[in-house]
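Peer 1: Pasting in a structure now, in structure tokens, and then I'll have a few things to ask.
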Amino acid sequence: MFTKIRLLAATMTLAALMPLAATHAATPDSGLLITQVTGSKWQVRLIAGATTPQRFAGSFTASSGVNSMSTIKLETGDVVRINAERNLEVSFDASVNSFDGAYFWTPQTSQICVRNTGGTDTKVYLGASLADATEVSLPLNLQGEDPCGILPPKGPYVTDRKFNPGHYTVLLRGQNGLKFMNDALRPGNVGLVKRYTWRKLEPTQGGYDFSAIVADLNWARSYGQQIIVMIEDKTFSAEDPAPAYLAGISKPNRIGGYTMLRWHPTYTDRWKALVAALGARFDSHPNFEGIATQETSLGLEGAELSAYAYTPEKYRDAYIEQFESGLASMPKSRIFWYQNFLLGNQSYIGQVAKAVGPKGLVMAGPDVLPDKQDLVKQSYPFYATYKGWMHMGIQIEGICYKHPHATAGYSTKYWTPDELFAYARDKLYANYVFWVRIPTASPTDSYDWYDALPVIEANPVFTPQW
Numbered sequence: 219m220f221t222k223i224r225l226l227a228a229t230m231t232l233a234a235l236m237p238l239a240a241t242h243a244a245t246p247d248s249g250l251l252i253t254q255v256t257g258s259k260w261q262v263r264l265i266a267g268a269t270t271p272q273r274f275a276g277s278f279t280a281s282s283g284v285n286s287m288s289t290i291k292l293e294t295g296d297v298v299r300i301n302a303e304r305n306l307e308v309s310f311d312a313s314v315n316s317f318d319g320a321y322f323w324t325p326q327t328s329q330i331c332v333r334n335t336g337g338t339d340t341k342v343y344l345g346a347s348l349a350d351a352t353e354v355s356l357p358l359n360l361q362g363e364d365p366c367g368i369l370p371p372k373g374p375y376v377t378d379r380k381f382n383p384g385h386y387t388v389l390l391r392g393q394n395g396l397k398f399m400n401d402a403l404r405p406g407n408v409g410l411v412k413r414y415t416w417r418k419l420e421p422t423q424g425g426y427d428f429s430a431i432v433a434d435l436n437w438a439r440s441y442g443q444q445i446i447v448m449i450e451d452k453t454f455s456a457e458d459p460a461p462a463y464l465a466g467i468s469k470p471n472r473i474g475g476y477t478m479l480r481w482h483p484t485y486t487d488r489w490k491a492l493v494a495a496l497g498a499r500f501d502s503h504p505n506f507e508g509i510a511t512q513e514t515s516l517g518l519e520g521a522e523l524s525a526y527a528y529t530p531e532k533y534r535d536a537y538i539e540q541f542e543s544g545l546a547s548m549p550k551s552r553i554f555w556y557q558n559f560l561l562g563n564q565s566y567i568g569q570v571a572k573a574v575g576p577k578g579l580v581m582a583g584p585d586v587l588p589d590k591q592d593l594v595k596q597s598y599p600f601y602a603t604y605k606g607w608m609h610m611g612i613q614i615e616g617i618c619y620k621h622p623h624a625t626a627g628y629s630t631k632y633w634t635p636d637e638l639f640a641y642a643r644d645k646l647y648a649n650y651v652f653w654v655r656i657p658t659a660s661p662t663d664s665y666d667w668y669d670a671l672p673v674i675e676a677n678p679v680f681t682p683q684w
């Protein structure tokens, strides 16, 4: 399905393969130099010239994993490691007239994506030496068709679907009644994200019960609000979200709930049927913004994955098939895809976004956690890659209201609602911000939904800061 392009040698001309590359006008004396030594062996060196020390922190995400690595002349504080996902992470500080480096090995067929995770402006080059190197931009596809999901800087937004961006309140379990819905009628709030288990929407195979959605949309029409229907196929408590006839493809997860097997062909067929029924009933309703999925993280143990033949390719392809069908079934509405981690190949999130994003998919996510490094390194870069190509959304939930600052320079212990909103708008390019209705701060010196209300009121209209 995916054509793979290999770099034949480190010294060959790369302009044809790397559209982001541009030859540096003068011979540089500093920067990060990446060299393909052999088909499976790579060298990365941070070189500092005679005047300025250099710093670089980044990741090399290989679709087949990094098999091994070795270091070259590291200084105190430098880090080179293979993480749990078998990708290479590096953090180099090179003093004047020195260099730090490493070798790593990955199968020749592996797709490799390089990202800067340290926020520095260090220049990056490809070549055997700086004297003949080609300057490139990150994120960068080292090898493979599109492992980073890199697209042109601005793509074709879908303009003929509903688009009511802004602030939405997310109601949790036990908050479905009118008391909580009416409490969300605050200045600046555009609508609600409401959760409906698949079991309640389809009690029997092909027998749909949309009465709760009908009631919620009647309320929304009365108050000029939008409704996003989140289909729950994963739970965080003992309740199984699957209809009884799909119980065989719903399994206990690590967090005390259940996760349905989203890559299973029966899941795909029945999900498409459910969304087709929702589209037939509600697509033309002006207050129905669309549907939302739950996070891509499965939370399943290895035994369950093996027993049901999980592969990241099956998961990727199932998403693409489901979303293409769902968007065709709802030609006026949206699908909000909550992505965070795709087990086995994180780059496939980019491939799903590339395949379906321009058709009306909204890239969303479950958490605004600016100091949570696995999200910063693995999930958030997709927002930067796809800004201008598709619309974006992000959720601020319970854990976000008590997210501590990891660095100095802030006047508060936790990220404030105002800071979280600014990060969502300016760093994650959000058109939609989903605020989970947490009524009471815990710990007591952190924040809750009521602390977010002034931010929502002060920013009723906002534009992502590209």
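For the sequence shown, the numbering used here begins at 219 and goes up steadily by one. Just so it is clear, CB atoms sit at the ideal spot from N, CA and C, and this is done for glycine as well.
1) So, valine 324 versus asparagine 285, is the Cβ gap smaller than 8 Å?
2) In terms of DSSP beta bridges, what is proline 622 paired with?
3) Please list, in chain order, all residues of the same chain as methionine 399 whose beta carbon is under 8 Å from its beta carbon, the five residues on each side excluded.
4) Assign asparagine 315 to one of two classes, buried (16 or more other C-beta atoms within 10 Å of its C-beta) or exposed (fewer than that).
5) Any contact between the region 543–562 and the region 492–510? By contact I mean 3 or more CB pairs, one from each, below 8 Å.
6) For leucine 360, does the count of other Cβ atoms within 10 angstroms reach 16, so buried, or fall short, so exposed?
7) Considering only DSSP beta bridges, list what serine 316 is partnered with.
8) Below 8 Å between beta carbons: does that hold for arginine 488 and leucine 464?
9) Under 8 Å Cβ to Cβ from tyrosine 668, same chain only, skipping five residues before and after it: list those, please.
10) Name the DSSP beta bridge partners of tryptophan 260, please?
11) Using the Cβ count rule (16 or more neighbours within 10 Å means buried), how would you classify lysine 291?
12) Using three-state DSSP, classify phenylalanine 674 as helix, strand or coil.
13) Thinking just about the alpha-carbon of each residue, which of Thr352, Arg552, Tyr566 is nearest to the one in lysine 577?
14) According to DSSP, simplified to helix, strand and coil, what is threonine 241?
15) Report all residues from its chain with a CB closer than 6 Å to the CB of histidine 242; omit the five preceding and five following residues, and keep chain order.
16) Which partner residues does aspartate 311 have in the DSSP bridge list?
17) Please look up how many angstroms separate the CB atoms of proline 459 and threonine 514, rounded, as I've assumed it's under 8 Å.
18) Shortest alpha-carbon distance to lysine 631 belongs to which of Asp247, His621, Ala640, Leu638?
19) Which residues bound the beta strand (DSSP E) around valine 594?
20) The beta strand (DSSP E) spanning proline 470 covers which residue range?
21) Jot down the residue ranges of each uninterrupted beta strand (DSSP E) in the region 413–458, minimum 3 residues, whole runs only, in chain order.
22) Do three or more CB pairs link the region 587–600 to the region 437–448 at distances below 8 Å?
23) Going by C-alpha to C-alpha distance, which of Tyr566, Asp666, Thr453 sits closest to serine 282?
Peer 2: Answer, in terms of the structure:
1) The sequence as given places threonine at residue 324; valine does not occur at that position. Yes.
2) Answer is Tyr632, bridged to proline 622.
3) Within the same chain, methionine 399 has close Cβ partners Leu389, Leu410, Asp434, Trp437.
4) Flag for asparagine 315 reads exposed.
5) The answer is yes - the region 492–510 touches the region 543–562, with three or more Cβ pairs under 8 Å.
6) Taking every protein chain shown into account, the CB of leucine 360 has 16 or more other CB atoms within 10 angstroms, so this residue is buried.
7) DSSP, once it has assigned bridges, lists Ala266 as partnering serine 316.
8) Taking 8 Å as the cut-off, the beta carbon of arginine 488 is found closer than this to the beta carbon of leucine 464.
9) Pro657.
10) Under DSSP, tryptophan 260 shares a beta bridge with Gln254, Phe322.
11) Answer is exposed; the Cβ neighbour count stays below 16.
12) Here the sequence assigns isoleucine to residue 674, which means phenylalanine is not the residue at that position. Helix.
13) Minimum Cα distance to lysine 577 is reached at Arg552.
14) A caution first: threonine 241 carries a pLDDT of 37, below 50, which makes its placement in the model unreliable, though a value can still be read off. It is coil, neither helix nor strand.
15) Residue placement at histidine 242 is poorly supported in this model, since its pLDDT is 37, which falls under 50; the coordinates still yield a value, given next. Glu353.
16) Answer by DSSP bridge pairing, in chain order: Arg273.
17) At roughly 16 Å, the Cβ-Cβ gap does not stay under 8 Å, so proline 459 and threonine 514 are not in contact.
18) Measuring from the Cα of lysine 631, the nearest candidate turns out to be His621.
19) Per DSSP, valine 594 is not a residue of any beta strand (DSSP E); the alpha helix (DSSP H) it occupies stretches across 591–596.
20) Run containing proline 470: 468–470, per the beta strand (DSSP E) assignment.
21) Taking 3 residues as the shortest admissible run, the region 413–458 contains the following complete beta strand (DSSP E) segments, listed from N- to C-terminal end: 444–450.
22) Because the criterion of three Cβ pairs below 8 Å is not met, the region 587–600 and the region 437–448 do not touch.
23) When only C-alpha atoms are compared, the closest one is Tyr566.
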